[in-house]
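Engineer: Questions regarding the structure given below will be posed in turn.
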Amino acid sequence: MLLKRFLFFVMIAFLSGTASAQNIEAEANLKAVFIYNFTKYVEWDTNNGDFVIGVIGQSSVTSALNIIARNNTVKNKKIVIKVFNKPEDIEYCNILFIPKNSFSLSSILEKTGKGTLTVSEENGYAKKGTAFNFVIVNNKLKFEANLKALYLADLKAGSQLLKLGIIVD
Amino acid sequence: MLVKLSDISIRNKLVLMQMFTSVLVLSIVFAVFVITDINSYKERKVKSVKSIAQVVGTNSISTLQFQDEDAAKEILSELHNVAPEIINAAILDKNGNLFASYNRPGSDTFIIPSNKNVGSSTFHDHSLLVNNPIVNENEIIGNVFLNVELNELQQIKKSKYEITAVLLIVALGFSFLIGAAVQPYISKRLLRLLKTMNEVTESGDYSKKISDDGKDEISVLIKVYNNLMLQVRKNQQKKDEFIGIASHEFKTPLTSIKGYLDLLDLMENDEGKKQLVGKAQRNVNKLEVLIKDLLDVSKIQSGQLELNMQRFNIDELIKETIAAFQMLSPTHHLILKNTSGEAFVYADKQRIEQVLINLLSNAIKYSPGEKEVIISYEKNDTDMIIKITDFGIGIAEEERLNIFERFYRTKDISVHISGFGLGLYICRDIIKRHNGKIWVETQGKGSSFYFTLPLKTKEPVLQQKV
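Keeping their order, the protein sequence lines are chains U and G.
The opening residue of the first sequence carries number 1 in my numbering; numbering runs sequentially from there.
The opening residue of the second sequence carries number 1 in my numbering; numbering runs sequentially from there.
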């Protein structure tokens, strides 16, 4: 009897575990697609070379971004995915993705300058200064937009994009 | 065919032709106009709906990219204000799955048609379905379906049909008026020709010419008719001349034959031979009567019949004539009724005697067997009316008008009567020249011939060619 109950819980845990694992992967893919789609609405000042998307630390989004980078370009530029292990390593990139539970935001924002679009996925980060921040609303992926941060980064986002975002500042 | 084309009068045919042609031509023109009009309206409609779809599609690119169904729904719901004629709208993602949809309040939910030809537009009874692709960076990322109500098209169609119908009716009216106004130029002349021909047939006066200064077929027809009449007149003239010459030429030898027969009759004493001479005399007399008739006709034709007017007692004349007849045909009783003994008229005595002889011999001829013939006369204020009644075979209704014509003989083949059929013609002419009338009435058996003579002096009708 006990064994039976135990097995049941194990099974539930296992099933829910796989389910959440699948969800996480789907979410990561969607986020990567969103990041790629942001490039269609945000204008960067001319800069030569490849289009660089940076990621701080480990994230499941990185692999999804790599797949996109292989098959797509941004304004006819090759997409390059760079992973920075700590904030000190950050170099110039067009988009910097800040995964959950990574380094302190302030230390990262210190290293980002003009021309870098910061994208985070932590509740409240947009208010704290990232340009776009992924949130889940009603079980759907949405994003917050900080117009001030965009302005400070010298970036312009199209209205078609902004109308879909939740404007926070 | 319900009505034979040849049964319709030329007048109506002309009007009908006119109307038919104009209606046919106008129908074709109107049909072309209405069709091109409706088609161009449809084209414009498709264009405008497609441009709406284009705008909707462009606006929803980002919603598709960021999978924001709510935003897409919002864009679609904007259509309610922008284009109220849109019943349903839908956005499909690139896999053909429904992404967002919109239904005008109060309308049914939209069923995405299975035919998903991108860029197509389909007209249904009351709606237009447009399927427009959403293109982003040369990539189709979805479709916009718009289902548009076409009440306007129905209204346009209705008003076009109404205008067409009204215009057709107006055109029909005008073409009728024009046809009715134009047709006299053709039909009037034909009808005039017809009328003249009928008149000529009735009166026998072939001298009537129709004038027409046109140059078309009808003018030719009229010219041909005039020529034909000219020929008829010429032939008649020739015939009359022949009758005149022949009767004259017959008369001279006949007179001498008659004279020799009279001499022979006087000289002959042998009864047998006398009988033969008598027979010859009677036949010569008959021949003389016929030739005299022919001569009279010839005189009438050439206008040489002259009247020797005098005042005389017609009572006496009738009695004399009856007496003469009674000797010749003892089989019939000729009875003079209502005699007053004195009945003076002003006329040509010889010619009236001729009339009486003609009428009486007819009465006897046409009442074979022992019958009575009653003669009576009475006068009114102006005329003396003489009536001769027999109880013979009578005259058929349809023949009553013809019997006074030249060379007319009864169609009744059961009665075989010799003669040229000139007697009544001559009688009519004589009475006419006396300003009198002659007619016949038939009641039951037999017939009554009437003729009138004026009581007072009247100038006889001038000699004229008939």
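The beta carbon of each residue, even a glycine, is placed where N, CA and C say it ideally should be.
Run down chain G in chain order and give the residues with a C-beta less than 9 Å from the C-beta of residue 134 of chain U.
Structural biologist: Residues of chain G with a Cβ closer than 9 Å to the Cβ of residue 134 of chain U do not exist; the shortest Cβ-Cβ separation is about 11 Å.
Engineer: Which whole runs of the alpha helix (DSSP H) in the region 419–450 of chain G are 4 residues long or more, in chain order?
Structural biologist: 423–433
Engineer: Please say whether residue 50 of chain G and residue 135 of chain G have beta carbons closer to each other than 8 Å?
Structural biologist: Contact flag unset, no.
Engineer: Could you list the residues in the region 56–67 of chain G with a C-beta less than 8 Å from some C-beta on chain U, going in chain order?
Structural biologist: 59, 61, 62, 63, 65, 66 and 67
Engineer: Counting only Cβ pairs nearer than 8 Å, list the residues of chain G close to residue 164 of chain U.
Structural biologist: Residues of chain G passing the Cβ test: 62, 63, 66, 68 and 71.
Engineer: Listed in chain order, which residues of the region 139–168 of chain U have Cβ atoms closer than 7 Å to some Cβ of chain B?
Structural biologist: The structure shown contains no chain B; its protein chains are U and G.
Engineer: Please compile the residues from chain G whose C-beta is within a distance smaller than 7 Å of the C-beta of residue 34 of chain U.
Structural biologist: Listed by position along chain G, the residues whose Cβ is nearer than 7 Å to that of residue 34 of chain U are 66.
Engineer: Within this structure, are the beta carbons of residue 121 of chain G and residue 56 of chain G separated by less than 8 Å?
Structural biologist: no
Engineer: Answer with buried or exposed for residue 154 of chain U, where buried requires no fewer than 16 other C-beta atoms within 10 angstroms of its C-beta.
Structural biologist: Label assigned to residue 154 of chain U: exposed.
Engineer: Which ranges does the beta strand (DSSP E) cover as unbroken runs of at least 3 residues, wholly within the region 11–83 of chain U, from first to last along the chain?
Structural biologist: 51–56
Engineer: Determine the chain G residues that contact residue 37 of chain U at a beta-carbon separation under 8 Å, and present them in chain order.
Structural biologist: Per Cβ cutoff of 8 Å: 62, 65 and 66.
Engineer: Have a look at residue 38 of chain G and residue 157 of chain G and give me their C-alpha separation to the nearest angstrom.
Structural biologist: 7 Å
Engineer: At which residue ranges does the region 364–406 of chain G contain complete beta strand (DSSP E) runs of 3 or more residues, listed in the order of the chain?
Structural biologist: Counting only unbroken stretches of 3 or more residues, the beta strand (DSSP E) elements lying wholly within the region 364–406 of chain G are 372–379 and 383–390, in sequence order.
Engineer: Please classify residue 384 of chain G as buried or exposed, where buried requires at least 16 neighbouring CB atoms within 10 angstroms.
Structural biologist: buried
Engineer: What does DSSP give as the partner residues of residue 127 of chain G in its beta bridges?
Structural biologist: G/149
Engineer: Comparing C-alpha positions only, which one of G/126, G/150, G/174 and G/117 sits nearest to residue 16 of chain G?
Structural biologist: Nearest of G/126, G/150, G/174 and G/117 to residue 16 of chain G, Cα basis: G/174.
Engineer: What are the start and end residues of the alpha helix (DSSP H) that includes residue 87 of chain G?
Structural biologist: That residue, residue 87 of chain G, is in no alpha helix (DSSP H); its beta strand (DSSP E) goes 86–93.
Engineer: Could one say the Cβ of residue 41 of chain U lies closer than 8 Å to chain G's Cβ atoms, at least one of them?
Structural biologist: yes
Engineer: Using the DSSP secondary-structure output, state which residues sit across from residue 310 of chain G in a beta bridge.
Structural biologist: G/347
Engineer: Closer than 6 Å by C-beta to residue 251 of chain G: which residues in its own chain qualify, once you throw out the five before and the five after it? Chain order, please.
Structural biologist: 291
Engineer: Would you say residue 366 of chain G and residue 392 of chain G are within 8 Å of each other, going by their C-beta atoms?
Structural biologist: yes
Engineer: For residue 152 of chain U, which of helix, strand or coil comes out of DSSP?
Structural biologist: Correct three-state label for residue 152 of chain U: helix.
Engineer: What's the call for residue 51 of chain U, buried or exposed, on a 16-neighbour Cβ count within 10 Å?
Structural biologist: buried
Engineer: Between residue 146 of chain G and the ligand ZN, is there a pair consisting of the residue's CB and a ligand heavy atom that are separated by less than 7 Å?
Structural biologist: This structure does not include the ligand ZN; it has no bound ligands of any sort.
Engineer: What is the DSSP secondary structure of residue 105 of chain U, reduced to helix, strand or coil?
Structural biologist: helix
Engineer: Determine the direct distance from the alpha carbon of residue 295 of chain G to that of residue 210 of chain G, and round the result to whole angstroms.
Structural biologist: 33 Å
Engineer: Roughly how many whole angstroms lie between the Cα atoms of residue 268 of chain G and residue 302 of chain G?
Structural biologist: Going from the Cα of residue 268 of chain G to the Cα of residue 302 of chain G covers about 42 Å.
Engineer: In this structure, what does DSSP give as the bridge partners for residue 102 of chain G?
Structural biologist: Its beta-bridge partners are G/89.
Engineer: Give the C-beta separation of residue 97 of chain U and residue 54 of chain U to the nearest angstrom, bearing in mind that I take them to be a contact with Cβ-Cβ under 8 Å.
Structural biologist: 7 Å
Engineer: I'd like to know whether the C-beta atoms of residue 374 of chain G and residue 432 of chain G end up nearer to each other than 8 Å.
Structural biologist: Their beta carbons are not under 8 Å apart, which means residue 374 of chain G does not touch residue 432 of chain G by this criterion.
Engineer: Over what stretch of residues does the alpha helix (DSSP H) that includes residue 53 of chain G continue unbroken?
Structural biologist: 10–59 is the extent of the alpha helix (DSSP H) around residue 53 of chain G.
Engineer: Does the region 317–331 of chain G come within contact of the region 350–367 of chain G, defined as at least 3 CB pairs closer than 8 Å?
Structural biologist: yes
Engineer: What number of angstroms, rounded off, separates the C-alpha of residue 67 of chain G from the C-alpha of residue 166 of chain G?
Structural biologist: Cα to Cα, residue 67 of chain G sits roughly 56 Å from residue 166 of chain G.
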